[in-house]
Amino acid sequence: MYSFSEITDPVAEKVKETWIKYLSMEYRFAARMRNAPESFLKKLFAVSSDPSIISFAGGLPDSNLIDVAGIRDSAACVLEEEGREALQYTTTEGYLPLREFIAERYRNRLGIAASAENIRIVNGSQQCLDIIGKIFIEKNDRIGIERPGYLGAIEAFSLYEPVIKSVDMNESGPDMEGFEKLVTDDKIKFFYGIPNFQNPTGRSYSYDARKQIGGIVGGSGSLFYEDDAFGELAFDLKPRMPVNKFAPENVITSGSFSKTVAPGMRIGWIMAPPEIISVFDTAKQAADLHSNFLCQKILDQYLRNNDYDAHLKRVVSVYHDNCMLMQDLLDDMTVAGITHTSPEGGMFMTAGLPKGLSSMKLFEDGIKNGVAVLPGIPFYAGDGGDDMIRLNFSNTSEENIKEGMNRLSEIL
Ligand SMILES: Cc1ncc(COP(=O)(O)O)c(C=O)c1O
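Residue 152 in the UniProt record's numbering sits at position 152 of the sequence shown, and the numbers go up by one each step.
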């Protein structure tokens, strides 16, 4: 915001007048915007950019692990060899060779009968959340989500005014009785879940839970939205069986290159049954015509010219070390009564706070003392979450984890 008192020159005077006009307007926003939770992410990004604060609150991958040189070479190659095409408009579906790369990886890595035909490229997998919300949710429709669940999904779906029903996220997946009830009694349109290294808890569904979920949604009118943003970040590099395998006709899958290659490219994908893809295309075209074509081509070139698996191995090794260190230091804090989850991959874990301690208070005290943690509240579609915090271990260093945990321990 401008500091009006310091404005002296005439152009700035005009800007000031305009701003005063803006501020006196009452815009008639759609009622659905009142249901949108206040964006916690905005506040978060503000905190993440203050260099004096050691932040475990954000959700970024480690910038040092982005292969800038490799991406630069791929960009140069694309621009040199097919620049005019890459800078043109393209089709909504996305770049076919990139979709084929994704399909082939699904087939080879997970044994899923994937084909480029039912894969679409999106501007980050966050866009899938919005479009799936748009094409499926009518006002007051029931949908399901994990409790705690990904706050970006809660934000995206809330704009379409559903009734959000949550099911506790246990060590081995969502509470199965609760899940089944949502499908059979509430007839939810879909359940949104993250079977691999969930955001925020870092927990994963067991094989049995995946199979059971497939069995419950298969043949029902409900869908399972399988967000696999972190699936490639398993510390042991081993693939986990997707729910998709057990009920492909009832599962929408999304994936992302944000956590593995570079989030700034904004490239993710959706894989879904053809009928859903066809409706998805209509909504995607209305939203943005197509995803950034230049980045799609650069990414495709990058994936073909570099050893993607070797790159993932480097990324995962750093995240694994960071995660273990953070867990060890949290274990040393047992005096304060703190508990934590034990992720097998991904970028996040959650810590349960000692009785009576509020995560909001810890957030505020943390900021004053140079360490940021993310309160659990925005991860709950209803009440709850003030007794836990989310900790990010990907975008930090060994030194910062030690110092940050030290500061946290003192505050506790
Ligand atoms: C679980 C989950 N899904 C989706 C996204 C969106 O990521 P992107 O749009 O960069 O693919 C995120 C981002 O942090 C996430 O944590």
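We put the CB at the ideal spot given by N, CA and C, even for glycine.
Starting from residue i, follow its DSSP beta bridges and name the residues at the other end.
i    : result
M349 : L391
K165 : G144
E226 : G193, T253
L294 : Per DSSP, none; premise fails for L294.
V122 : G268
L374 : R390
G173 : N170
D339 : Residue identity check: residue 339 is Thr in the sequence provided, not Asp. T339 is bridged to G352.
I54  : V371
A234 : G345
Report the CB separation of residue i from residue j in whole angstroms; it is logged as a contact under 8 Å.
i    : j    : result
S254 : G268 : 6 Å
G94  : H311 : Contact flag wrong, Cβ pair sits at about 22 Å.
P200 : R390 : 4 Å
I194 : D227 : 5 Å
I135 : A286 : Rounded, the Cβ-Cβ distance is 11 Å, inconsistent with contact.
A247 : G218 : 4 Å
F280 : N250 : Contact flag wrong, Cβ pair sits at about 16 Å.
I298 : V78  : 5 Å
D383 : S359 : In fact, because the Cβ distance is near 13 Å, the residues do not count as touching under 8 Å.
I143 : I188 : 5 Å
G124 : Y160 : Not confirmed; about 19 Å, so no contact.
I145 : A156 : I145 to A156, Cβ: 11 Å. No contact.
Mind checking residue i: buried by the 16 CB within 10 Å criterion, or exposed?
i    : result
L129 : buried
N196 : buried
F29  : exposed
P61  : buried
Y302 : buried
N305 : exposed
S317 : exposed
R32  : exposed
K238 : exposed
I20  : exposed
N395 : buried
P274 : exposed
A272 : buried
G215 : exposed
Q88  : exposed
T350 : buried
L64  : Checking the displayed sequence, the identity of residue 64 turns out to be Asn instead of Leu. Exposed, since its Cβ has fewer than 16 Cβ neighbours within 10 Å.
S256 : buried
A76  : exposed
V11  : exposed
R34  : exposed
Between which two residues does the alpha helix (DSSP H) harbouring residue i extend?
i    : result
E80  : 68-86
M25  : M25 -> no alpha helix (DSSP H), and no H or E assigned at all.
R203 : Premise fails: R203 is in no alpha helix (DSSP H) and is neither H nor E.
R107 : First-last for R107: undefined, no H or E at that position.
I137 : Counting along the chain, I137 falls outside any alpha helix (DSSP H), and DSSP gives it neither H nor E.
L151 : 151-158
N400 : 398-411
A31  : No alpha helix (DSSP H) contains A31, which DSSP labels as neither H nor E.
N322 : 308-331
G215 : 207-217
D383 : It is not in any alpha helix (DSSP H) - D383 carries neither H nor E in the DSSP assignment.
K284 : 274-288
Check your understanding: When the Cβ atoms of the segment 368-380 are set against those of the segment 388-403, are three or more pairs found closer than 8 Å?
Key -> yes
Exercise for review: Tell me, please, whether the segment 378-385 touches the segment 252-265 by the rule of three or more beta-carbon pairs shorter than 8 Å.
Suggested key: no
Check your understanding: At a cut of 8 Å, does the segment 168-182 reach the segment 317-324 through at least three beta carbon pairs?
Key -> no
Review point. Counting Cβ pairs closer than 8 Å, one from the segment 106-116 and one from the segment 151-171, do we hit at least three?
Key: no
**Study point:** the segment 95-107 touching the segment 328-344, judged by at least three CB pairs closer than 8 Å
**Key:** no
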